[in-house]
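Undergrad: The structure is given below, and queries will be raised subsequently.
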Amino acid sequence: MRRGALVSLEIEKRLPGFTLEVSWEADDPVVALFGPSGAGKTLTLHCLAGLIRPDRGRIEVGDRVFFDSAAGLHLSPQARRLGYVFQGYALFPYLTVEANVAFGLQGLPRPERARRAREVLERLGLGGLARRYPRELSGGQQQRVALGRALALDPDLLLLDEPLSALDAPLRRQLREELGRTLREWGKATVLVTHDLAEAYQLADRVVVYEAGRVLQAAPKSELLWQPTSERVARLTGVRNLLRGAVVKATPEIIQLRWREQTLEAVNSPSRLYRPPPGGPLAFFVRPEYVRLIRKDRAGPDPRHHMNLMEGEVVGEVDQGTTWTLFFRLEAPGEPAQESYDLEIEVPKLVYEILEIARDRRWQLSIHRGSIQVLPSE
66 MRRGALVSLE IEKRLPGFTL EVSWEADDPV VALFGPSGAG KTLTLHCLAG
116 LIRPDRGRIE VGDRVFFDSA AGLHLSPQAR RLGYVFQGYA LFPYLTVEAN
166 VAFGLQGLPR PERARRAREV LERLGLGGLA RRYPRELSGG QQQRVALGRA
216 LALDPDLLLL DEPLSALDAP LRRQLREELG RTLREWGKAT VLVTHDLAEA
266 YQLADRVVVY EAGRVLQAAP KSELLWQPTS ERVARLTGVR NLLRGAVVKA
316 TPEIIQLRWR EQTLEAVNSP SRLYRPPPGG PLAFFVRPEY VRLIRKDRAG
366 PDPRHHMNLM EGEVVGEVDQ GTTWTLFFRL EAPGEPAQES YDLEIEVPKL
416 VYEILEIARD RRWQLSIHRG SIQVLPSE
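Just so you know, we're using the numbering used here here: the sequence shown kicks off at 66 and counts up by one.
Right, here's the structure in full:
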């Protein structure tokens, strides 16, 4: 592991029926551990916090070593200078908001504890709630109190375990924005656990994808969006139009593939330069918003902009509010690629109305070569 990263972790922990064996590092201010339930994300957080001792490995935060099995080093949670926000907030119901925030400051004189707690509450917009009890607060207010209790310690690292999962969807969206602002303003190195990809993308700079106790990919969020390293990562991150074809030929510039009786061209990624053998299987994906319907009220397709032309019909649709998701089936023999359709297409509501898609179901479409993302072989 590279020394000097904000967080550097390489650990193994064996439990009955489950083994966590992960390695990742990050210089980014906020790191999200993303994956399905039971993947080992919270277990990793507990190891970072010192609540669970790994069987082997090493954990570093900044220039401090928290755990090193080879050296027999395992710092206590108190010695790690961490702030931890638990999934259910774990507020003390019999303490006021101010007392909850000051709870971890037991080593300070009482006046200093009170001053520090009030300062944190003011910065979080909770100054007027200092004398209330948790039962008198909304879910969002409880979440901010739990965050304040963690920040009051002035931690070297902030750990957030599903920080918004206890809230309903509309409030979760609102507080996601507030939490993002708070993390940026306080500037604390943060590791958060989430199974909500939108939450990971909005709050984090780097995303570590977990599955079954292993790390599948760790990357900046923009790279994860456009360059998943495998089909498994693509599926976990909710990639739509995840498809399989066969290689026709591959050059350093272009990959040509055969899919659903269509010959398509994709730009070969300069960072990967695939040279798969002709005839071999190939997985790829096309984001629904990058499939373009060709307008019928204009001249024929412009070859400079319209590539990978195909024809077919809209066989289903879902109104998403501001957008429509269309389910498109190609005019090609054989079974569709995705049960009853071949491609999902996403169009703005205005485009749906202007093109009268509810009435006109047969279309020609195009996919730019740069919009076809080829996945490495697994």
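Idealized CB from N, CA, C, for every residue including glycine.
1) Between Glu354, Ile359, Tyr198, Arg424, which lies nearest to Pro413 when the distance is taken from Cα to Cα?
2) Under the DSSP definition of a beta bridge, which residues are partnered with Ser88?
3) Using 8 Å for Cβ pairs, my map puts Tyr149 next to Ala114. What's the rounded Cβ distance?
4) Identify whether Val298 lies in helix, strand or coil by the three-state DSSP scheme.
5) Could you pull the start and end residues of the beta strand (DSSP E) that Ala284 belongs to?
6) Look at the alpha carbon of Val256 and the alpha carbon of Arg424, and state the distance between them as a whole number of angstroms.
7) Beta-carbon separation of Val210 and Leu173 under 8 Å?
8) Starting from the C-beta of Val280, find all residues in its chain whose C-beta is less than 8 Å away, skip the five residues before and the five after it, and write them out in chain order.
9) Would you report the Cα separation of Gly344 and Arg360, rounded to the nearest angstrom?
10) With a 10 Å radius around its C-beta and 16 neighbouring C-beta atoms as the bar for buried, classify Gly69 as buried or exposed.
11) Pairs of beta-carbons, one from the region 123-133 and one from the region 297-304, closer than 8 Å: are there three or more?
12) Within its chain, find whatever has a CB closer than 6 Å to the CB of Val162; leave out the 5 residues flanking it on each side and keep chain order.
13) Work out the CA separation of Leu225 and Leu170 for me, nearest whole Å.
14) Rounded to a whole number of angstroms, what is the C-alpha to C-alpha distance between Val356 and Ser431?
15) If Arg200 sits next to Pro158, beta carbons under 8 Å apart, how far is it from one beta carbon to the other, in whole angstroms?
16) Output yes or no for whether 8 Å exceeds the beta carbon distance between Val166 and Ala144.
17) When DSSP labels each residue in this structure, what does Tyr266 get in the three-state scheme?
18) Cutting at 8 Å between CB atoms, please list the residues of its own chain near Asn373, excluding the five before and the five after it.
19) Determine which residues share a DSSP beta bridge with Pro346 and list them.
20) Grab the span of the alpha helix (DSSP H) containing Thr387 for me, first residue to last.
21) Please check the pair Gln342 and Val312, which I expect to be a contact at CB under 8 Å, by giving their CB distance rounded to whole angstroms.
22) Rounded to a whole number of angstroms, what is the C-alpha to C-alpha distance between Arg427 and Gly399?
23) Going by beta-carbon coordinates alone, are Phe168 and Leu160 separated by less than 8 Å?
TA: Put simply:
1) Glu354
2) Glu75
3) So it is a contact: roughly 6 Å between Cβ atoms.
4) Helix at Val298.
5) 279-285
6) 49 Å
7) No. Outside cutoff.
8) Val87, Ser88, Trp89, Val273, Val274
9) 35 Å
10) Confidence in Gly69 is poor, its pLDDT being 44 and thus under 50, which makes the residue's placement too unreliable to answer from.
11) Result no; under three Cβ-Cβ pairs closer than 8 Å.
12) Leu194, Ala195, Arg197, Val210
13) 19 Å
14) Going from the Cα of Val356 to the Cα of Ser431 covers about 6 Å.
15) 6 Å
16) no
17) helix
18) Gln327, Leu329, Glu330, Ser431, Ile432, His433, Arg434, Ile437
19) Ala311
20) First-last for Thr387: undefined, no H or E at that position.
21) Sequence check: residue 342 is Pro here, not Gln. Their Cβ separation, rounded to whole angstroms, is 7 Å, which keeps Pro342 and Val312 in contact under 8 Å.
22) Spanning the alpha carbons of Arg427 and Gly399 requires a straight line of approximately 19 Å.
23) yes
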